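Numbering (our numbering), first residue to last: 10 to 118. C-beta: ideal position from N, C-alpha, C; glycine also. Keep in mind the model is a prediction, meaning the values are calculated, not measured.
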């Protein structure tokens, strides 16, 4: 089955949700998440950018950013920040993924 047959037109926008966890048997709101998807165009390609942000005093703030090719959905880069400090960076190449996590670098095929 061709994935192109299952796709829909991109509608850019932002989504906001409440985040809860169970504390002593009670549901407690601990923060909010925001997700944004947008299309960026360069002279040579169209790039989908997906950003997610968790805002929480209780468990800390976290932001991720994923970029991918808008035609093939092949990922280019993934970056994660916790309280404004980069914790994970992944670069995707044709035959490898280079992941840097808190100072460690991993190479994978």
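With respect to residue 77, residue 108 sits apart: the two C-beta atoms are not nearer than 9 Å. Around residue 90, the same chain offers 72 as residues with beta carbons nearer than 6 Å, after the five sequence neighbours per side are excluded. According to DSSP, residue pairing for residue 31 in a beta bridge involves 36. With a cutoff of 9 Å on beta-carbon distance, residue 39 and residue 60 are scored as not near each other.
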